[in-house]
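I have placed the structure first, in the form of C-alpha cells, so that the comments after it can refer back to it.
Protein chains: 2
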Amino acid sequence: MAETPHFQRIALIGIGLIGSSIARAVKALGLADEIAVQTRREETLERARALDLGTSYHLSAEDAVEGADLVILCAPVGAYGAIAETISGALKPGAILTDVGSVKEYVVDVVAPHVPDGVHFIPGHPIAGTENSGPDAGFPELFVGRWCILTPVEGTEETAINKLGAFWSAMGSAVEVMECKHHDLVLAITSHLPHLIAYNIVGTADDLAGVTKSEVIKFSASGFRDFTRIAASDPVMWRDVFLTNREAVLEMLGRFSEDLSALQRMVRNGDGPGMQALFTRTRDIRRNIIEAGQDTPMPDFGRGAGASKDDDAE
Amino acid sequence: MAETPHFQRIALIGIGLIGSSIARAVKALGLADEIAVQTRREETLERARALDLGTSYHLSAEDAVEGADLVILCAPVGAYGAIAETISGALKPGAILTDVGSVKEYVVDVVAPHVPDGVHFIPGHPIAGTENSGPDAGFPELFVGRWCILTPVEGTEETAINKLGAFWSAMGSAVEVMECKHHDLVLAITSHLPHLIAYNIVGTADDLAGVTKSEVIKFSASGFRDFTRIAASDPVMWRDVFLTNREAVLEMLGRFSEDLSALQRMVRNGDGPGMQALFTRTRDIRRNIIEAGQDTPMPDFGRGAGASKDDDAE
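This is the structure:
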C-alpha cells in the first residue's frame with residue numbers, strides 16, 4: 001500500500017489487549033516518536049509502565065491527547081461518549097481520531113458530536129483479538145494478516161483516511177473501507193452472534209442437572225471446548241457490543257432461531273437426508289475460509305494431541 | 001493401568017478417521033499380529049491398502065471378523081445393526097466386540113441382539129477426533145491424552161473389560177466406565193448440542209441477504225471461523241448421531257433455547273449487568289477446562305497470527 005507513516009505522538013486511550021498490541025507494534029516498527037498511554041485504573045497504568053509500553057503514562061485522557069497527531073480509543077465502547085466529551089477541547093487541530101471498537105454506528109453517534117472542526121474522525125475496527133484481555137495479553141503481531149475495517153463518515157479527507165490505512169498496513173493488516181451500518185451487520189453475523197451463542201451454550205452447560213460440571217469439563221474435547229474459548233472473551237467489552245449493536249444482533253439472532261427450529265424439527269422427525277444436506281453444505285464454508293487464508297487447515301486448529309499436556313511435544 | 005495387551009487379529013469394520021487411527025496406533029505399538037481392514041467401498045479399501053493400514057483387506061465384514069479376537073465397529077452408527085446381523089455367525093467365541101460410536105444406548109439396542117453367547121460385547125467411545133474424515137485423516141497419536149468411555153452391559157466379564165481398557169490405555173487414552181444412558185446425556189451437552197449449534201449457525205450465515213458470503217468468509221476471524229471447524233465434521237456420522245440420540249439432544253436443545261430466550265431478552269432490554277454476570281461466569285469454565293488438561297491455554301488455540309498464511313513462520 002502506501003509508504004510507512006510516521007506520527008509524532010500517538011495517544012492510546014485504554015491499554016488492554018488491543019491497545020497494548022498497538023503499543024508494541026508501534027514500538028517495534030518505529031511508527032511514532034512518542035506513545036502516550038492512558039487508562040483510568042492506576043493499577044493497569046502501573047502494569048503498562050512495567051511492561052514499558054509507552055513513553056508517557058496518564059490517568060487523564062486530556063493530558064494524553066495533548067499534542068497527539070493520532071488518538072486511538074481502545075477502551076470499552078460503552079466509555080467512548082464520556083471520553084470524547086473529555087478530550088474534545090484538548091485535541092490538536094489536524095489530528096486523526098480513531099478507535100478499535102467492534103461496533104461502528106454507535107461510535108459515530110456518540111463520538112462525532114464531540115469532534116472539533118479540523119480533527120479527522122475515522123472510526124476503525126481491527127478484526128483481531130484473542131480470548132485474553134489486559135495489557136499483558138497483547139503482542140506486536142496481533143494484526144498481521146488480519147483485516148482492519150475503517151468506516152469514515154462522508155466528507156472525511158482522503159489524505160487522513162490514507163494515512164490511517166497506511167498505519168494499519170504497516171502493522172500487517174489489510175484495510176477495507178465500508179459504511180458503519182454495513183459493518184455492524186457483517187460483524188453481527190461473523191462475530192457478535194457467534195459470541196452470543198457461545199456464551200449461551202457454555203451457560204447452559206454450567207447449569208445442568210443430570211450431568212455434573214466436572215463431567216462437562218472432562219469430556220469437553222468432544223466439541224464443547226471450542227465454544228469455551230470464545231465464551232472466555234472480555235465480559236465488559238462484549239456486554240458493550242450487545243448494548244450498542246442491539247438491532248443487528250437481534251436480527252441475526254432471529255434468523256438463527258428460525259433455522260434452529262427447522263433443524264430441531266428435522267431431529268424430532270428423524271429427517272436424515274435433510275440433516276445430511278445441511279451438514280454437507282456447511283463443510284464447504286470451512287473450505288472457503290481456509291482457501292481465503294482466514295484459518296489454518298490443520299486439524300483441530302493444529303492443537304497437539306492431548307491438548308495442553310503435550311503442547312511442548314508438538 | 002494394566003500391562004500392554006496383545007491380540008492375534010484385530011478386525012476394523014470401517015476405516016475412516018477413527019478406524020485408520022486405530023490401525024496406525026496398533027501397528028506403531030505392536031498391539032496385534034494381524035489387522036483385518038474392512039470397508040464396503042472398493043475405492044476406500046484400495047486407499048487403505050495403499051496407506052498400508054492393515055495386514056488383510058476385505059469388502060466382506062464376515063471375512064474380516066473370521067478368527068479375530070478383537071472386532072471394532074468403526075463405521076457410521078446407522079450401519080451397526082446390519083453389520084452386527086452379518087457378522088453374528090462369524091464371530092469367534094471368546095472374542096471382544098466393541099465400537100467407537102458417539103452414541104451408546106442405540107448401539108446396545110441394535111447390536112446386542114445379534115451377539116452370540118461367549119462373545120464379549122463392550123460398547124466404547126473414544127472422545128477423540130478432528131474435523132477431517134476418511135482413511136487419510138487418521139494418525140496414531142489421535143487418542144493420546146483423550147478419554148475413552150466404555151459402557152458395558154450388566155454381567156459383562158471383568159477380564160474382558162480390563163483387556164479392552166488396557167488396549168485403549170496402550171494407545172494413550174484414559175479409560176472411564178459408565179452406563180450407556182448416562183454417556184448419551186453427557187455427550188449430548190458436551191458434543192452433540194455444540195455440533196448441532198455450529199451446523200446451524202454456519203447454515204444461517206450461508207443464507208443471508210444483506211451480507212454476502214464472501215464477506216462472511218473474509219471477516220470470519222472475528223469468531224465465526226471457530227464454528228466452521230466443527231461444522232466441517234463428517235456429515236453422515238453426525239446425521240446418525242442426531243438420528244440415534246434424539247431424546248437427549250432434544251432435551252439439551254430445549255434447555256439451550258430457553259436460556260437463549262432469556263439472553264435475547266437481556267439484549268433487547270439492554271440489561272448490561274445481567275449480560276456481564278453471564279459472560280464472567282462462562283470465563284471460569286474455560287479456566288477449568290485448561291486446568292484439567294483438556295485444551296491448550298495458548299490464545300487462539302495457538303493458531304499463528306494471520307492463520308494459515310503464516311503457519312510456517314510460527
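Just so you know, the protein sequences line up as chains A and B, in that order.
Under the working numbering, the first residue of the first sequence carries the number 1, and numbering increases by one thereafter.
Under the working numbering, the first residue of the second sequence carries the number 1, and numbering increases by one thereafter.
Just so you know, even glycine gets a beta-carbon here, dropped at the ideal spot from N, CA and C.
Apart from the five residues just before and just after residue i, which ones in its own chain have a Cβ nearer than 7 Å to its Cβ?
i	result
arginine 40 (chain A)	Leu59
tyrosine 199 (chain A)	Ala231
methionine 178 (chain A)	Ile149, Thr151
tryptophan 147 (chain B)	Ile127, Ser173, Ala174, Glu176
alanine 75 (chain A)	Ile13, Gly14, Ile83
leucine 142 (chain A)	Ser21, Ala128
For residue i, which residues of its own chain have a beta-carbon under 6 Å away from its beta-carbon, when the five flanking residues on both sides are left out?
i	result
serine 308 (chain B)	Residue confidence for serine 308 (chain B) is low, a pLDDT of 37 falling below 50, so the modelled location carries little weight and cannot support an answer.
proline 93 (chain A)	Gly118
isoleucine 72 (chain A)	Leu12, Thr98
glycine 306 (chain B)	At glycine 306 (chain B) the pLDDT is 42, less than 50, meaning the model places this residue with poor confidence and gives no usable figure here.
glycine 274 (chain B)	Met266
methionine 252 (chain B)	Ala188, Ile189, Leu193
alanine 248 (chain B)	Asp184, Leu185, Ala188
valine 37 (chain B)	Leu12, Ile15, Ala48, Leu53, Gly54, Tyr57
Near residue i, what residues of its chain come up, given a Cβ to Cβ distance below 8 Å and the 5 sequence neighbours on each side ignored?
i	result
threonine 296 (chain B)	Ile290, Gly302
methionine 1 (chain B)	Low confidence applies to methionine 1 (chain B): its pLDDT is 48, below 50, so where it sits in the model is not reliable enough to give any reading.
glycine 254 (chain A)	none
serine 220 (chain B)	Thr228
isoleucine 217 (chain A)	none
leucine 263 (chain A)	Met275, Leu278
Residue i versus chain B: which residues are under 7 Å apart at the beta carbon?
i	result
tryptophan 147 (chain A)	Lys218, Phe219
glycine 210 (chain A)	Leu185
phenylalanine 242 (chain A)	Val267, Met275
threonine 204 (chain A)	Arg255, Phe256, Asp259
phenylalanine 279 (chain A)	Tyr199, Pro235, Trp238, Arg239
valine 249 (chain A)	Val267
Using a threshold of 7 Å, state whether the C-beta atoms of residue i and residue j are closer than that.
i	j	result
serine 20 (chain B)	leucine 70 (chain B)	no
alanine 25 (chain B)	proline 140 (chain B)	yes
isoleucine 341 (chain B)	threonine 204 (chain A)	Only positions 1 to 314 of chain B appear in this structure, which leaves residue 341 (chain B) out of reach.
valine 144 (chain B)	glycine 101 (chain B)	no
histidine 192 (chain B)	asparagine 245 (chain B)	yes
isoleucine 15 (chain B)	alanine 50 (chain B)	no
isoleucine 201 (chain B)	isoleucine 201 (chain A)	no
leucine 243 (chain A)	glycine 223 (chain B)	no
leucine 185 (chain B)	valine 211 (chain A)	yes
alanine 61 (chain A)	threonine 86 (chain A)	yes
alanine 68 (chain B)	histidine 120 (chain B)	no
phenylalanine 340 (chain B)	tryptophan 238 (chain A)	Residue numbering for chain B in the displayed model covers 1 to 314; residue 340 (chain B) lies beyond these limits and cannot be assessed.
valine 241 (chain A)	valine 103 (chain A)	yes
Per DSSP, residue i is paired with what?
i	result
alanine 32 (chain A)	A:Phe7
glutamate 176 (chain B)	B:Ile149
leucine 70 (chain A)	A:Ile10, A:Ile96
serine 56 (chain A)	A:Ala36
proline 126 (chain B)	B:Cys148
Would you mind telling me which residues of chain B sit closer than 9 Å to residue i, beta carbon to beta carbon, in chain order?
i	result
glutamate 131 (chain A)	Arg283, Arg286, Pro299, Asp300
alanine 75 (chain A)	None at all; the shortest Cβ gap to chain B is about 16 Å.
If the cut is a Cβ gap below 7 Å, which residues of chain A does residue i touch?
i	result
histidine 195 (chain B)	Gly223
alanine 292 (chain B)	Ile217, Lys218
isoleucine 127 (chain B)	Phe219, Ala221, Ser222
Just the chain B side, please: which residues come within less than 8 Å of residue i by C-beta, in chain order?
i	result
serine 191 (chain A)	Phe219, Ser222, Gly223, Phe224
I'd like to know if residue i contacts chain C, where contact means its C-beta is closer than 7 Å to some C-beta of that chain.
i	result
glutamate 66 (chain B)	The displayed structure is made up of protein chains A and B, and chain C is not among them.
Within 10 angstroms of the Cβ of residue i, are there 16 or more other Cβ atoms? Answer buried if so, exposed if not.
i	result
leucine 17 (chain A)	buried
alanine 277 (chain B)	exposed
serine 214 (chain B)	exposed
aspartate 234 (chain A)	buried
glutamine 8 (chain A)	exposed
threonine 190 (chain B)	buried
aspartate 226 (chain A)	buried
alanine 82 (chain B)	exposed
threonine 4 (chain A)	exposed
glutamate 43 (chain A)	exposed
threonine 130 (chain B)	buried
aspartate 109 (chain B)	exposed
serine 261 (chain B)	exposed
glutamate 377 (chain B)	With chain B represented from 1 up to 314, any question about residue 377 (chain B) goes unanswered, as that position is not in the structure.
arginine 283 (chain B)	buried
aspartate 207 (chain B)	exposed
alanine 90 (chain A)	buried
Using the beta-carbon of each residue, which ones in chain A are nearer than 8 Å to residue i?
i	result
tyrosine 80 (chain B)	Result: empty, since nearest Cβ-Cβ is about 15 Å, beyond 8 Å.
List, in order along the chain, the chain A residues whose C-beta lies closer than 9 Å to that of residue i?
i	result
threonine 159 (chain B)	Chain A residues near threonine 159 (chain B): none, gap ~26 Å exceeds 9 Å.
glycine 270 (chain B)	Phe242, Leu243, Arg246
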